[in-house]
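Trainee: Counting along the sequence shown from 1, when you hit position 61 you're at 61 in full-length UniProt numbering, and nothing is skipped either side.
Handing you a structure now.
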Amino acid sequence: MRKVTFLDGEYYHIYNRGVDKRVIFNDDKDFERFLVSMNDFNSVEPIGSIYEHSFHKKSRLGNSVSKSEPKSTKKKIKPLVDFVAYCLNKNHFHFIVKQVSDRGVEKLMHRLGLGFTKYFNLRHERTGSLFQGPFQAVHIDSNEYLLYVGAYVNLNNLIHGYINSTEFRSSWGEYTGRGYGGFCKVDIILGQYKNSGEYKKIAEQTTREIKRKRDLDHLET
Numbered sequence: 001m002r003k004v005t006f007l008d009g010e011y012y013h014i015y016n017r018g019v020d021k022r023v024i025f026n027d028d029k030d031f032e033r034f035l036v037s038m039n040d041f042n043s044v045e046p047i048g049s050i051y052e053h054s055f056h057k058k059s060r061l062g063n064s065v066s067k068s069e070p071k072s073t074k075k076k077i078k079p080l081v082d083f084v085a086y087c088l089n090k091n092h093f094h095f096i097v098k099q100v101s102d103r104g105v106e107k108l109m110h111r112l113g114l115g116f117t118k119y120f121n122l123r124h125e126r127t128g129s130l131f132q133g134p135f136q137a138v139h140i141d142s143n144e145y146l147l148y149v150g151a152y153v154n155l156n157n158l159i160h161g162y163i164n165s166t167e168f169r170s171s172w173g174e175y176t177g178r179g180y181g182g183f184c185k186v187d188i189i190l191g192q193y194k195n196s197g198e199y200k201k202i203a204e205q206t207t208r209e210i211k212r213k214r215d216l217d218h219l220e221t
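And the structure:
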């Protein structure tokens with residue numbers, strides 16, 4: 001059972017996976033819908049019908065794979081959280097968020113879980129739960145841990161062996177200048193390095209160490 005107190009101004013590592021480890025992102029449309037929802041549901045204002053948002057709201061991202069990244073909206077809204085980093089793999093996802101509104105994490109994840117499940121079940125003609133229980137959360141209680149988890153989330157696809165662009169989406173492009181900017185608050189992490197090149201080198205090294213340890217743990221079990 002999750003025992004984390006969510007406080008404004010604090011950072012959290014949020015994650016969840018498909019029930020029975022099932023795939024939750026079958027194709028580009030599923031990835032795109034989830035990414036759009038990350039943006040659209042992140043508002044302190046009432047969003048109206050989650051059903052409407054799940055099925056009838058036109059995407060702002062287009063159909064191109066290269067455009068499947070959430071964008072900040074031109075209209076200024078007060079968010080529930082600030083996204084720092086994210087990675088969506090075929091059967092699970094990771095976020096780093098900073099709560100900026102009371103109960104922001106819980107409100108966002110409730111909307112996101114319910115809305116995406118409704119969309120997914122209708123589109124793929126299934127019923128029942130999509131995610132393996134409530135989302136999980138870990139409080140990021142130090143700057144050192146924030147930098148470590150930042151690398152882990154940004155490059156989480158590599159840790160799990162997802163290399164093909166059809167298998168994952170992440171904020172890594174925002175950190176290295178190869179993707180859309182303005183969705184994640186990258187300066188929270190990048191601002192602590194000389195430039196994006198230095199961060200890229202350190203993050204990739206950290207990820208290699210994490211993957212090596214993970215592989216060794218699997219060999220020992």
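For glycine and all other residues, C-beta sits at the position ideal for the given N, C-alpha and C.
Here the structure is a predicted model, which is why all the values come from computation and not from measurement.
Can at least three beta-carbon pairs, one atom from the segment 168-183 and one from the segment 86-93, be found at a separation below 8 Å?
Mentor: Because the criterion of three Cβ pairs below 8 Å is met, the segment 168-183 and the segment 86-93 touch.
Trainee: Taking the alpha-carbon of lysine 95 as reference, which of Tyr15, Gly177, Asp82 and Ile24 has the nearest alpha-carbon?
Mentor: Per the sequence presented here, residue 95 reads as phenylalanine, with lysine not at that position. Checked all of Tyr15, Gly177, Asp82 and Ile24; the closest Cα to phenylalanine 95 is Tyr15.
Trainee: Let me make sure I understand the geometry here. Which of Arg33, Arg208 and Glu10 has the alpha-carbon closest to that of tyrosine 152?
Mentor: Arg208
Trainee: Which two residues bound the contiguous beta strand (DSSP E) that contains valine 84?
Mentor: 81-89
Trainee: I'd like to know if the segment 18-31 and the segment 137-154 are in contact, where contact means that at least 3 CB-CB pairs between them fall below 8 Å.
Mentor: no
Trainee: Measuring straight from C-alpha to C-alpha, what distance separates lysine 76 and valine 186?
Mentor: 19 Å
Trainee: Is lysine 211 near isoleucine 163, with beta carbons less than 7 Å apart?
Mentor: Contact: no.
Trainee: State buried or exposed for glutamine 205, treating a residue as buried only when at least 16 other CB atoms are found within 10 Å of its CB.
Mentor: Glutamine 205 should be labelled exposed.
Trainee: With DSSP as the reference, identify every bridge partner of asparagine 16, one or two as the case may be.
Mentor: Under DSSP, asparagine 16 shares a beta bridge with Phe93.
Trainee: Could you give the distance in angstroms between the alpha-carbon of phenylalanine 116 and the alpha-carbon of aspartate 30?
Mentor: Across the structure, phenylalanine 116 and aspartate 30 are spaced so that their CA atoms are roughly 9 Å apart.
Trainee: For my contact list, tyrosine 12 and alanine 137 are in at a C-beta cut-off of 8 Å; report their separation, rounded to the angstrom.
Mentor: 5 Å
Trainee: I need the straight-line Cα distance from phenylalanine 135 to histidine 110, nearest angstrom please.
Mentor: 9 Å
Trainee: What did DSSP end up calling valine 138 once you bin it into helix, strand or coil?
Mentor: Strand at valine 138.
Trainee: Classify serine 129: buried if its beta carbon has 16 or more other beta carbons within 10 angstroms, exposed otherwise.
Mentor: exposed
Trainee: In or out: serine 37 buried (at least 16 other Cβ within 10 Å) or exposed?
Mentor: buried
Trainee: Please work out which residues of its chain come closer than 7 Å, Cβ to Cβ, to asparagine 154, disregarding the five sequence neighbours upstream and downstream, and give them in chain order.
Mentor: Ala85, Cys87, Ser170, Ser171, Trp172, Tyr175 and Ala203
Trainee: Here's a check: name, in chain order, each residue in its chain whose Cβ is nearer than 8 Å to the Cβ of serine 43, leaving out the five neighbours to either side.
Mentor: Ile77, Lys78, Pro79 and Leu80
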